[in-house]
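Asks: The numbering of the sequence shown is our numbering, which starts it at 2 and goes up by one.
Ideal Cβ placement from N, Cα and C applies to all residues, glycine included.
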Amino acid sequence: MSWDATRRLLTDRRSLLGGAAALGVGGALAALSSCGRTEAPVDEQGRVRLRFATDWRAQAEHGGFYMALATGA
2 MSWDATRRLL TDRRSLLGGA AALGVGGALA ALSSCGRTEA PVDEQGRVRL
52 RFATDWRAQA EHGGFYMALA TGA
């Protein structure tokens, strides 16, 4: 392969990769800009209600949740 053909191939590859990167960044920005920020609903004391789901069995990692549930915190 001659030097001119190699240079042309590298230039084409860089152009293709640059275009793909620009398209990816543009798509990511478009997706992120369409995400609107919504405020979480609060109760009369100003607290946000959360839903917490664990797996099917109680484990030590969930101890804080179960302690808060037991004490009413």
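#1: Would you call the CB atoms of P42 and R48 closer than 8 Å?
#2: Taking the DSSP output, what are the residues bridged to V43?
#3: What is the DSSP secondary structure of R14, reduced to helix, strand or coil?
#4: Would A74 and Y67 qualify as a contact pair, given that the criterion is a beta-carbon distance under 8 Å?
#5: How would you write the range of the alpha helix (DSSP H) that A71 sits in, first residue to last?
#6: Out of curiosity, what's the CA-to-CA distance linking A21 and A71?
Replies: Straight from the coordinates:
#1: Taking the sequence shown and counting its residues from 1, the one referred to as residue 42 is at position 41. Taking the sequence shown and counting its residues from 1, the one referred to as residue 48 is at position 47. No.
#2: Translated into the one-based positions of the sequence shown, residue 43 becomes position 42. V43 pairs with V49.
#3: If you number the sequence shown from 1, residue 14 lands on position 13. Three-state DSSP puts R14 in a helix.
#4: Position 73 of the sequence shown holds residue 74. Position 66 of the sequence shown holds residue 67. Not a contact, by the Cβ cut-off of 8 Å.
#5: Working through the sequence shown from its first residue, we reach residue 71 at position 70. Run containing A71: 64-72, per the alpha helix (DSSP H) assignment.
#6: In the sequence shown, counting from the first residue as 1, residue 21 sits at position 20. In the sequence shown, counting from the first residue as 1, residue 71 sits at position 70. Cα to Cα, the separation comes out at about 54 Å.
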